[in-house]
Amino acid sequence: MRKLFRRTDILIIAGVLLLSFLLFLPNLFNNNELIAQIYVDGEKTEEIKLDAVDEAYTFSPKENTVISVKNGAICFTKATCRDELCINSGWLSSKGQTAACLPEKIVITIKGADKTDMITY
2 MRKLFRRTDI LIIAGVLLLS FLLFLPNLFN NNELIAQIYV DGEKTEEIKL
52 DAVDEAYTFS PKENTVISVK NGAICFTKAT CRDELCINSG WLSSKGQTAA
102 CLPEKIVITI KGADKTDMIT Y
């Protein structure tokens, strides 16, 4: 009767598992804080650390637009544009996401605190 796994098979499987764990180890200790940058008429007016928000709140960068902020996310909740694409973009909660209200000239961009854009193995 033949064994299902030999000793070398087990060593190769263990080595591959160990290597994959070591490659993803930096992601376990990743302390990315999300920063929302709000641009009005092309100028940065506010910068909000989304991970530091304790209670949800809303504010108006312009008269007809309302932005909601909660822990880890931000979104447009009121706008006067006809198509409401900015509202339909939903909650922004990941680095690199962007929402814009073009008639009001307001852009929300989510940035990360670290300088690393991508890691390739």
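Here the numbering used here = 1-based position in the sequence shown + 1.
We put the CB at the ideal spot given by N, CA and C, even for glycine.
The structure displayed is predicted, hence computed values, not measured ones.
Item, Value
"Boundaries (first-last residue) of the beta strand (DSSP E) holding Cys-102", "99-102"
"Beta carbon of Ile-88 nearer than 7 Å to that of Ala-80", "yes"
"Rounded separation between Gly-73 and Leu-35 - CA only", "7 Å"
"Anticipated Cβ contact below 8 Å, Ile-13 with Ala-37, distance rounded", "The pair is not a contact, with the Cβ atoms about 46 Å apart (cut-off 8 Å)."
"Run of the beta strand (DSSP E) containing Leu-35, from where it starts to where it stops", "35-41"
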